[in-house]
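Q:
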Amino acid sequence: MPSIGDKLLTPKEVAALFRVDPKTVVRWGNAGHLPAIRTPSGKLLRFRLSDVEAALQAVA
34 MPSIGDKLLT
44 PKEVAALFRV
54 DPKTVVRWGN
64 AGHLPAIRTP
74 SGKLLRFRLS
84 DVEAALQAVA
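Numbering-wise, the numbering used here comes out as the position in the sequence shown, counting from 1, plus 33.
(1) What does DSSP give as the partner residue(s) for F51 in the beta ladder?
(2) State the CB to CB distance for the pair L50 and L89, rounded to an integer number of angstroms; the pair is presumed to be in contact (CB under 8 Å).
(3) Please name the residue, chosen from V85, S74, G38, that lies closest to P44 on a Cα-to-Cα basis.
(4) Pop quiz: R81 and L41 are said to be a contact at Cβ under 8 Å. What is the actual Cβ separation, rounded to whole angstroms?
(5) Within 10 Å of its beta-carbon, does V92 have 16 or more other beta-carbons around it, so buried, or fewer, so exposed?
Structure, rendered in structure tokens:
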């Protein structure tokens, strides 16, 4: 369960952790493969650090 103070990561930061292109991370977020949060403008995605860590452990 995400905590209130959980750090939010950009697609570029997540891409560096997974060693993929940031566009791939955006596609994962849009497809629901990686839980994502849209910024108030609705244009940008952010990812909770706890969700990213869980996904990394699942593929390791």
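Each residue gets a CB set at the ideal place from its N, CA and C atoms; glycine is no exception.
A: The relevant details are as follows:
(1) Within the sequence shown, residue 51 is the residue found at index 18, counting from 1. Looking at the DSSP assignment, F51 forms no beta bridge with any residue, so it has no partner.
(2) Along the sequence shown, read from residue 1 onward, the residue named residue 50 stands at position 17. Along the sequence shown, read from residue 1 onward, the residue named residue 89 stands at position 56. With a Cβ gap of about 6 Å, L50 and L89 count as contacting.
(3) Walking along the sequence shown from the start, residue 44 turns up at place 11. The candidate whose alpha carbon is nearest that of P44 is V85.
(4) For the purposes of this step, residue 81 is taken as residue 48 along the sequence shown, with counting starting at 1. For the purposes of this step, residue 41 is taken as residue 8 along the sequence shown, with counting starting at 1. Their Cβ separation, rounded to whole angstroms, is 6 Å, which keeps R81 and L41 in contact under 8 Å.
(5) The count along the sequence shown starts at 1 and reaches residue 92 at position 59. Classification of V92: exposed, given that the 10 Å Cβ count is below 16.
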